[in-house]
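Protein chains in written order, with full-length UniProt numbering: chain A, 1 to 216; chain B, 1 to 216. For each residue, glycine too, the CB sits at the ideal point set by N, CA and C. Because the structure is a prediction, the values reported are computed rather than measured. What follows is a set of notes on a single structure, which appears directly below.
2 protein chains.
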Amino acid sequence: MRISELSATSGVPIPTIKYYLREGLLPQGEHTGATRAEYGDTHLRRLRLIRALLEVGRLPVAAIGKIVAAVEDEETPVHRMLGTAHYALSPPVETDPADEVYGAARERVDRLIDGLGWQVTRGAPTRDELAQVLMRLEQLGRAADEDELRHYAETVMGLVAAYEMGKVPMDGPREVAVESLVVGTVLYGKVFDVLRRIAHESASARLLGIPPEPDA
Amino acid sequence: MRISELSATSGVPIPTIKYYLREGLLPQGEHTGATRAEYGDTHLRRLRLIRALLEVGRLPVAAIGKIVAAVEDEETPVHRMLGTAHYALSPPVETDPADEVYGAARERVDRLIDGLGWQVTRGAPTRDELAQVLMRLEQLGRAADEDELRHYAETVMGLVAAYEMGKVPMDGPREVAVESLVVGTVLYGKVFDVLRRIAHESASARLLGIPPEPDA
DNA sequence: GTTATTGGATACCGTCACTATCCAAGCGCT
DNA sequence: AGCGCTTGGATAGTGACGGTATCCAATAAC
Chain A
1 MRISELSATS GVPIPTIKYY LREGLLPQGE HTGATRAEYG DTHLRRLRLI
51 RALLEVGRLP VAAIGKIVAA VEDEETPVHR MLGTAHYALS PPVETDPADE
101 VYGAARERVD RLIDGLGWQV TRGAPTRDEL AQVLMRLEQL GRAADEDELR
151 HYAETVMGLV AAYEMGKVPM DGPREVAVES LVVGTVLYGK VFDVLRRIAH
201 ESASARLLGI PPEPDA
Chain B
1 MRISELSATS GVPIPTIKYY LREGLLPQGE HTGATRAEYG DTHLRRLRLI
51 RALLEVGRLP VAAIGKIVAA VEDEETPVHR MLGTAHYALS PPVETDPADE
101 VYGAARERVD RLIDGLGWQV TRGAPTRDEL AQVLMRLEQL GRAADEDELR
151 HYAETVMGLV AAYEMGKVPM DGPREVAVES LVVGTVLYGK VFDVLRRIAH
201 ESASARLLGI PPEPDA
């Protein structure tokens, strides 16, 4: 497959593909001459992954680059690789660590995780991410109830996560494992988010007694 | 409160506050003279809302503008207002409606919602949003199982949404209702998302038999 | 009267994800 | 061999977005 064909099949313009190649998101094609290179199914698949992470997950190109780098470095053990990929999904949280309000929120997060008995690194960026949101909620007068959080975490998220992780093929080739993990995290994350918003609309309509739309 | 004080208390730079005023995200202060205006708690609160939606929810400024406009237009009935706010939370999905693969995904979404008996407008952007994600999942060979989706939707999302909607004070002033709805949708959405990713890490560590970190 | 601040208008900036343009080197067809 | 078209590679430009920076005349406060 030449680049023009790759572009046609994927729907991604050639200059954009070149850009991804430059940024290292997409591996180089197999050179068959000074001005010719051959692309295969891996490239098509990778391209679809990139687009999904960009458009659905709204991940920055740099983060996708990190994920890809972790996959391609054969030295990295699998669990480190999964960690890298996973952490690249957290947007960098810029908060003054000396901020008191933030510190309190962060402590609540640590307590929550410890209380659940979950095995999560101290330095996980997700801890800060969650603390950040809890802080905002407090500032807006809608602080989250700690027991409620714990309840949702154990009855819902724990099960969901365990189920999803079970689907990741750990024994196959490493890039399959990461791709599976990342796709699961990002795309199913979106699925849950949208389902929740759809459910909101329905609940709202019911609550306000809005008559259902007649069938078109 | 003058603008400098508003800036100091909120941590938002003065030029940025001016920018929000220009864009209509923040209502004008009460003019007490040609070169003086007074800001109150409403402004501080609104400012925090804006920052939360921007930084946590990553909503575009234009979307926040729409939400604010819906609140401020007293003509709009409450359920319309909630709808506007809610729909502003969906990023515009640009997909060729003639695309066959997409059409199939969209049908699955409609079937799912009908099957659940949920009351959701035909034109809801969330339907397209979900269809889009399902399509991507298919393209990546990780198509969602329809029964599984239905299961999660009814046992988890339905309950969560009904619970959260119950917290929105419908009888108070309208802007309180919208703010509550929006904050709930966006910030708790993030809470769930992050909790899920944290749970993932824990599940992954367990699955791979990574020893827990010693306490620091 | 002097100094500092304000509201308001306008122009500019940095990041990000592309796009556009060029170019020389082939490839393939005649 | 001649010729047009595509390719890889390099470099520069673009448009959207969320701010910043600068200026200004009109005051308010001392």
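On a CA-only basis, which of A/V194, A/V133 and A/G209 is nearest residue 218 of chain B? Give me that one, please. Given a span of 1 to 216 for chain B in the structure shown, any question on residue 218 of chain B remains unanswerable.
Start and end of the alpha helix (DSSP H) containing B/T155? No alpha helix (DSSP H) contains B/T155, which DSSP labels as neither H nor E.
Start-end ranges of the beta strand (DSSP E) lying completely within the segment 138 to 192 of chain A, minimum 3 residues: none
With DSSP as the reference, label A/E30 as helix, strand or coil. strand
Considering only their Cβ atoms, is the gap separating A/S7 from A/L44 smaller than 7 Å? no
Put B/E38 into one of helix, strand or coil per three-state DSSP. In the structure shown, B/E38 sits in a strand (DSSP, three-state: E or B).
Would you report the Cα separation of A/R122 and B/R122, rounded to the nearest angstrom? 45 Å
The alpha helix (DSSP H) that contains B/R22, what's its start and end? I14 to E23
Measure the alpha-carbon distance for B/E154 versus B/G24 and round it to whole angstroms. 39 Å
DSSP three-state call for A/Q119: helix, strand or coil? A/Q119 sits in coil when the DSSP states are folded into three classes, being neither helix nor strand.
Looking only at C-alpha atoms, which of B/A70, B/V191 and B/L112 sits nearest to A/L149? B/V191
Which of the three DSSP states is assigned to B/S7 in this structure? helix
If you draw a straight line from the C-alpha of A/D128 to the C-alpha of A/R46, how long is it? For A/D128 and A/R46, the distance between alpha carbons rounds to 30 Å.
Less than 6 Å separating the Cβ of B/E138 from some heavy atom of the ligand MG? Looking for the ligand MG in the displayed structure turns up nothing, as the structure carries no ligands at all.
Could you tell me whether any Cβ in chain B is nearer than 7 Å to the Cβ of A/G158? Interface flag for A/G158 against chain B is set, since a Cβ pair is found closer than 7 Å.
Select from B/H31, B/P27 and B/T35 the residue whose C-alpha is nearest the C-alpha of B/I50. B/P27
Distance check for B/V156 and B/E179, CA to CA, integer angstroms please. Looking at the two C-alpha atoms, the distance is approximately 24 Å.
Beta-carbon separation of A/R48 and B/L53 under 7 Å? no
Burial state of B/L159 (16 or more Cβ within 10 Å): When all chains shown are included, B/L159 counts as exposed.
Tell whether a beta-carbon distance below 7 Å holds between A/A70 and A/A105. no
B/E182 to B/G57 span [Cα, whole Å]: Reading off the sequence shown, one finds Val at residue 182 of chain B, where the question assumed Glu. Answer to the nearest angstrom: the Cα atoms are 10 Å apart.
Kindly list, in the order they appear in chain B, the residues whose Cβ is closer than 7 Å to that of residue 230 of chain A. Missing from the structure shown is residue 230 of chain A; chain A here goes from 1 to 216 and no further.
With a Cβ-Cβ cutoff of 7 Å, do A/S204 and B/L82 count as a contact? Going by beta carbons, A/S204 and B/L82 fall inside the 7 Å limit.
Considering only their Cβ atoms, is the gap separating B/A63 from B/A85 smaller than 7 Å? no
Would you mind working out which of A/L112, A/P60 and A/G103 sits nearest A/Y152, comparing C-alpha positions? A/L112
Compare the C-beta of A/D73 with all C-beta atoms of chain B and state if any pair is closer than 7 Å. It does not; no Cβ of chain B falls within 7 Å.
Chain B partners of A/P212, CB-CB under 8 Å? Q119
By the three-class DSSP mapping on this structure, what secondary structure does A/P125 have? helix
Under 8 Å Cβ to Cβ from A/V168, same chain only, skipping five residues before and after it: list those, please. A177, S180, L181 and G184
Counting only beta-carbon separations shorter than 7 Å, does A/G189 have a partner in chain B? yes
Quick one: Cα of B/E30 to Cα of A/V61, how far? Inter-residue distance for B/E30 and A/V61 is about 44 Å (C-alpha atoms, whole angstroms).
With 9 Å as the C-beta to C-beta threshold (strictly closer), list the residues of the UniProt domain "HTH merR-type" (1 to 70) of chain A near chain B in chain order. Only those residues of the UniProt domain "HTH merR-type" (1 to 70) of chain A whose C-beta falls short of 9 Å from the nearest C-beta of chain B are listed: R45, R48, L49, R51, A52, E55, V56 and R58.
Contact set between A/E138 and chain B, taken where Cβ atoms lie within less than 9 Å: Per Cβ cutoff of 9 Å: no residues; A/E138 is ~10 Å from chain B at best.
Determine the direct distance from the alpha carbon of A/G166 to that of A/T32, and round the result to whole angstroms. A/T32 and A/G166 have their C-alpha atoms roughly 41 Å apart.
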